[in-house]
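In UniProt numbering, the protein residues as written are 1 to 433.
Beneath this line is the structure, given in C-alpha cells, with notes to follow.
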C-alpha cells in the first residue's frame, strides 16, 4: 500500500476529529476546526518541551504513544466513535496556567546523582513480594519508593505527563516518579503542580535518548535503580523514527529493565497483531519518521516478551490504547473495558490511560497477582471506553468473550481510582514467544 500524502492525511484527521466531536460543535465549519486545532497546537507549544509540541523544535518531538499518530489517523481510521468527549482537553486546561509561568518552578530537577533527592516525606510505596531468580542480584522489592522510583521514558509527551501526575498523585498512585526526556528539560517546569505531587515527582536533568547505545541506556537505568519503567515514547518528526524508537529503543530499555529486575509497562497501540486490518495498513504507511510504525511496534512487543521471559525478576504489561480522545473520563474506570486478542478497539482519554498504567503497576506488584502464581512474565491488553467498542475487522464479534471490566459496575458516583487495578485482575498471561 502506498504512503498517504500529507494533504490526504490531514483531511482524514480532521474528518475524524469532526466525527467524534460533532455533537458538541454541530455548526462548526471545517475551516473553524482547523483554526481551533492550530490554536490548540500553539497553546501546547507553550506548555510542553520535548516529546510533544516542543518549544525547542516547534514541532512534536519524540513523544508518548500516539501523540502524533492520533492526529493523522489515531491507529483507528475505520472506527466511528459514538461517544463524544468533553470539549475542553486536559492539555488545554493545563495550558491555562501558562500566563503566570515565568516565576513558577513546579517540579524537582535532579542531577545524575539522584539518590535521596526526593522529599523526605515521600511516603508511600506499593509493596511487592520479594522476587527470586538470577536475572538481577538487587531486584527491587518495593514499587515507587525513593530508592526505587517509577521511571517514565517519554515523560514530556502528553501521555507521559498524564502518567507522571497520576503516579505521583498521593490520592492516586502515591508513588515516587522520575521523568526522562531526550533534551533533559523538565516537562513540568511551567506547569503548576500541587505541593503533594511535587514531593513525589522529579525530573532527571541529563538528556536520555533511546537511540543511544545499549551501554548508555543501561547505565542510566542502573543509576536510577527503578522498580518500574514506563515506556511512553514513540516515533516523531523531530525525534527518532519508528524503527529507532518503537522497535530498537524498546528492545534496549527492556534489556536494561531485565538487568535491574524492574517491572516494564509498554504503551503500544491497537491492531498491532492485525496486519490485514485497515487500521494497521493505513497507520503503517504514514510515511516519513512514521513509516512502518506498526511493524516497529509489533517488533518492540515481541522483543519485550522474548527478553523479559528470560528474567525471573522482571515482569511486563503491554497496554494497547485506542484512539486518544480529548477531555477527562465522565465515569472513571467503570466506563473502561480491557480486551485480549486484538479484535476490539475504541477511544480512551489520556487520563484514563494514565489510570490504567497505575492500575497495571498495582496489579503486577500485588501479592495476589495471578501471573506471579502461575509463573507468567506478563500480559497484553487492549484498552478503550465500553461505549466506543468497535470491531477491528468485520469478521470479529462484539462481545469477543475476552472482555475485562471493573469488579463494580455503576455510575461515576461509585467510581474509584482503586478500580483501575481490578481491570487487570483476570487478565490472561501471554504465551512465551
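Where is the CB? At the ideal position from N, CA and C, for every residue including glycine.
Quick one: is residue i buried, meaning 16 or more other Cβ sit within 10 Å of its Cβ, or exposed?
i: residue 251; result: buried
i: residue 339; result: buried
i: residue 54; result: Reliability fails at residue 54, whose pLDDT of 28 lies under 50, so the model's placement of it is uncertain and no value is given.
i: residue 306; result: exposed
i: residue 213; result: exposed
i: residue 432; result: exposed
i: residue 171; result: exposed
i: residue 301; result: buried
i: residue 185; result: buried
i: residue 21; result: The predicted model places residue 21 with a pLDDT of 38, which falls under 50 and marks its position as unreliable; any figure quoted below should be read in that light. With 16 or more Cβ atoms within 10 Å of its Cβ, residue 21 is classed as buried.
If you follow the alpha helix (DSSP H) that residue i is in, where does it begin and where does it stop?
i: residue 377; result: Looking at the DSSP string, residue 377 is not in any alpha helix (DSSP H), and its letter there is neither H nor E.
i: residue 308; result: 293 to 308
i: residue 270; result: Per DSSP, residue 270 belongs to no alpha helix (DSSP H) and is neither H nor E.
i: residue 158; result: 158 to 168
i: residue 420; result: 419 to 422
i: residue 447; result: Outside the shown range of the chain (1 to 433) lies residue 447, about which nothing can therefore be said.
i: residue 434; result: Past the edges of the chain, shown from 1 to 433, lies residue 434, and the structure says nothing about it.
Can you tell me the Cβ-Cβ gap for residue i and residue j, rounded? I've got them flagged as a contact below 8 Å.
i: residue 284; j: residue 295; result: 6 Å
i: residue 320; j: residue 381; result: 7 Å
i: residue 337; j: residue 404; result: 7 Å
i: residue 435; j: residue 146; result: In the structure as shown, the chain starts at 1 and stops at 433, and residue 435 therefore has no counterpart that could be examined.
Should residue i be counted as a contact of the ligand SAH given a C-beta to heavy atom distance under 7 Å?
i: residue 204; result: The ligand content of the structure shown is nil, which means the ligand SAH is not present either.
Grab the span of the beta strand (DSSP E) containing residue i for me, first residue to last.
i: residue 204; result: 201 to 204
i: residue 151; result: 150 to 153
i: residue 145; result: Counting along the chain, residue 145 falls outside any beta strand (DSSP E), and DSSP gives it neither H nor E.
i: residue 316; result: 316 to 321
i: residue 229; result: 228 to 231
i: residue 255; result: From DSSP, residue 255 is part of no beta strand (DSSP E) but of the alpha helix (DSSP H) over 250 to 260.
i: residue 446; result: The question about residue 446 has no answer here: the residues shown for the chain are numbered 1 through 433.
i: residue 402; result: Counting along the chain, residue 402 falls outside any beta strand (DSSP E), and DSSP gives it neither H nor E.
i: residue 339; result: 336 to 339
Measuring alpha carbon to alpha carbon, tell me which of the options ends up nearest residue i.
i: residue 179; options: 220, 170 and 194; result: 220
i: residue 297; options: 149, 248, 142 and 329; result: 248
i: residue 278; options: 399, 358, 334 and 395; result: 395
i: residue 334; options: 186, 204, 316 and 418; result: 418
i: residue 385; options: 377, 207 and 345; result: 345
i: residue 390; options: 378, 347 and 416; result: 347
i: residue 256; options: 205, 235, 210 and 387; result: 210
i: residue 197; options: 401, 173, 310 and 393; result: 173
i: residue 428; options: 224, 350, 318 and 331; result: 318
i: residue 243; options: 397, 266, 142 and 290; result: 290
i: residue 387; options: 420, 331 and 430; result: 331
i: residue 280; options: 343, 313 and 312; result: 343
Counting Cβ pairs, one atom from each stretch, are 3 or more of them under 8 Å apart for the stretch 351 to 358 and the stretch 159 to 175?
yes
Give a yes or no on contact between the stretch 227 to 241 and the stretch 146 to 157, applying the rule of three or more CB pairs nearer than 8 Å.
yes
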